[in-house]
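Mind the numbering: the sequence shown is residues 1 to 409 in the UniProt record's numbering, read in order.
Right, one structure below, let's go through it.
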Amino acid sequence: MLNGLWLSFFIVAAITALSRWLLGGEATVFAAMVESLFAMARLSVEVMVLLFGTLTLWLGFLRIAEKAGLVEKLAVLLGPLFRRLMPEVPAGHPAIGLITLNFAANGLGLDNAATPIGLKAMKALQELNPSQTTASNAQILFLVLNASSLTLLPVTIFMYRAQQGAADPTLVFLPILLATSASTLVGLLSVALMQRLRLWDPVVLAYLIPGALVLAAFMTLLAGLSATALAQLSSLLGNLTLFGIIMLFLVVGWLKKVPVYETFVEGAKEGFDVAKSLLPYLVAMLCAIGVLRASGALELALGGIRWVVDGIGLDTRFVDALPTALVKPFSGSAARAMLLETMQSHGVDSFPALVAATVQGSTETTFYVLAVYFGAVGIQRARHAVGCALMADLAGVLASIGVCYWFFA
1 MLNGLWLSFF IVAAITALSR WLLGGEATVF AAMVESLFAM ARLSVEVMVL LFGTLTLWLG
61 FLRIAEKAGL VEKLAVLLGP LFRRLMPEVP AGHPAIGLIT LNFAANGLGL DNAATPIGLK
121 AMKALQELNP SQTTASNAQI LFLVLNASSL TLLPVTIFMY RAQQGAADPT LVFLPILLAT
181 SASTLVGLLS VALMQRLRLW DPVVLAYLIP GALVLAAFMT LLAGLSATAL AQLSSLLGNL
241 TLFGIIMLFL VVGWLKKVPV YETFVEGAKE GFDVAKSLLP YLVAMLCAIG VLRASGALEL
301 ALGGIRWVVD GIGLDTRFVD ALPTALVKPF SGSAARAMLL ETMQSHGVDS FPALVAATVQ
361 GSTETTFYVL AVYFGAVGIQ RARHAVGCAL MADLAGVLAS IGVCYWFFA
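The structure is reproduced here in structure tokens:
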């Protein structure tokens, strides 16, 4: 699947560029594609420099948590649920605790913490994988749920809106919460369908139904807060949780007589080794994406969508937000740039900017996640992971458009 997708990026880019040259006389398109190719290779190295520090930091703290027994306790707590969703993962396996930590970090918008935890979880799942190159069912479910990006506190989106002068940076909080919930639900259902998981199992429902009720109560509570109070709570809760997790690891490790400094260094060394192995996968994926974007294929697709939407008589205002939606599965930095450009061109509180912000907060960089998470453990055959993750992305985009029309139109 990845081989075909990667090759198709170059083929589509080449066809688009040839059309622009032969039909429109735009010979400079090839120079732009070559420039983008080398720019993306350089960006891959820059991303790796950032990942080196982040991975060494968090894998160091995670090693302390492992030796203190915290990861095992999380695994025991969620063991009954994951025995149904991931039957090939033994009860109490450390991967379950790591998966839980990863989901918690994603939900609080703590991307820098979520990625290294997720890589650690994927490596633990790979130890149970009978194949060295083909993704297991458990790895696929974990990746799809990770890529569906359930975000309860989208602090980063609030920051972007505040930087662009929004009167109420948290205006998109509830739309993002609704859209990201839809994305995660579709991701779970699509994997369950492919893997024939029994979601109606009483144990699974015993976990999912209370979780849904807690989410509803949380939304009700936050909906009653003022914009200022919500922004302050979001920032405080996210940062307090992040630092609180670090202190929990350190204090419990100290109480359990774990040599915290030596253990941190041991885990940090592992983070350095993991980061080194990611570079080839990042270069391959980012360069293909850069060529596709420079060829004009994405802009051409956007124009076609606008023509179709206008032709059937629908409101086309959301089309101006689609650049963010189109590039988000491929590149987080490109989607971020598209979001900021939409805010600047149409106004930070315009309908396209609100839709783009909601899409940015409720979808994930699917192919980046795929390249990083599977690349870190050498997975080459993704099986149905790509299709299910893209279904979740599509659900997030459609839900974003729908709830924005509901809230803002």
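Glycine residues also receive a C-beta, built at the ideal position from the N, C-alpha and C atoms.
All values reported here derive from a predicted model rather than from experimental measurement.
Which partner residues does residue 452 have in the DSSP bridge list?
There is simply no residue 452 to check, as the chain begins at 1 and stops at 409 in what is shown.
With distances taken Cα to Cα, identify the nearest neighbour of SER117 among ASN102, TRP200 and GLN126.
One point to set straight first is that residue 117 is Ile, not Ser, in the sequence displayed. If we check each option's Cα against that of ILE117, ASN102 comes out closest.
On the criterion of 16 or more Cβ atoms from any shown chain inside 10 Å, does PHE272 qualify as buried, or is it exposed?
Counting Cβ neighbours within 10 Å, PHE272 comes out exposed, since fewer than 16 surround it.
Can you name the start and end residues of the alpha helix (DSSP H) that SER183 belongs to?
173-195
Using CA coordinates, which residue listed in TRP406, ALA371 and VAL377 is at the minimum distance from ASN3?
ALA371
Measure how close the beta-carbons of PHE407 and PRO175 come, nearest whole angstrom, since I'm counting them as under 8 Å.
5 Å
Can CYS388 and GLY187 be called in contact, C-beta distance under 8 Å?
Against a cut-off of 8 Å, the Cβ pair of GLY187 and CYS388 comes out as a contact.
For MET33, I'd like the list of residues in its chain whose CB is within less than 7 Å of its CB, leaving aside the five on either flank, ordered along the chain.
Sequence-distant Cβ neighbours of MET33 in its own chain, meaning closer than 7 Å and more than five residues away, are ALA13, ALA17, VAL291, ALA294 and SER295.
Who are the Cβ neighbours of MET159 in its own chain at under 8 Å, not counting the five residues just before and after it?
PRO169
Would you decide whether ALA229 is buried or exposed? Buried here means 16 or more other CB atoms lie within 10 Å of its CB.
exposed
Should the stretch 124-140 be regarded as contacting the stretch 301-317, the criterion being three or more beta carbon pairs within less than 8 Å?
The stretch 124-140, when compared against the stretch 301-317, does not touch it at the 8 Å Cβ threshold.
Can you tell me whether DSSP reads LEU198 as helix, strand or coil?
Note that residue 198 corresponds to Arg in the displayed sequence, not to Leu. Reduced to three states, the DSSP call for ARG198 is coil.
Could you give the DSSP three-state label for VAL348: helix, strand or coil?
coil
How many angstroms separate the CA atom of LEU340 from the CA atom of GLN164?
8 Å
Within a Cβ cutoff of 7 Å, which residues of the same chain sit near VAL369, ignoring the five residues on either side of it in sequence?
LEU143, ASN146 and ALA147
Around the Cβ of GLN139, are there at least 16 other Cβ atoms within 10 angstroms (buried) or fewer (exposed)?
buried
In whole angstroms, give me the CA-to-CA distance for residue 415 and ASP201.
Only positions 1 to 409 of the chain appear in the structure, and residue 415 is not among them; the question remains open.
Anyone know if the C-beta pair for GLY361 and THR184 falls short of 8 Å?
no
Using 8 Å as the threshold, is the stretch 343-353 in touch with the stretch 83-100, meaning 3 or more CB pairs across them?
Remark: fewer than three beta-carbon pairs, one from each stretch, lie closer than 8 Å, so the stretch 343-353 and the stretch 83-100 are not flagged as touching.
Would you call the CB atoms of PRO280 and ARG317 closer than 8 Å?
No; because the gap between Cβ atoms is not below 8 Å, this pair is not in contact.
Suppose you measure from the CA of TRP307 to the CA of GLY402; what does that come to, to the nearest Å?
20 Å
Would you call MET247 buried or exposed, if buried means 16 or more other Cβ atoms sit within 10 Å of its Cβ?
With fewer than 16 Cβ atoms within 10 Å of its Cβ, MET247 is classed as exposed.
Who are the Cβ neighbours of MET343 in its own chain at under 6 Å, not counting the five residues just before and after it?
Same-chain partners within the cutoff: GLN164 and ALA353.
Using a Cβ-Cβ distance cut-off of 8 Å, determine whether LYS276 contacts chain B.
Looking at the structure shown, chain B is missing, and only one protein chain is on hand.
Would you tell me roughly how many angstroms separate the C-alpha atoms of GLY69 and VAL89, rounded to the nearest one?
18 Å
Can you name, in chain order, every residue of its own chain whose Cβ lies under 7 Å from the Cβ of ALA395, other than the five neighbours on each side?
Cβ within range, chain order: ALA182, SER183 and VAL186.
Roughly how many angstroms lie between the CA atoms of VAL327 and ASN137, to the nearest whole one?
27 Å
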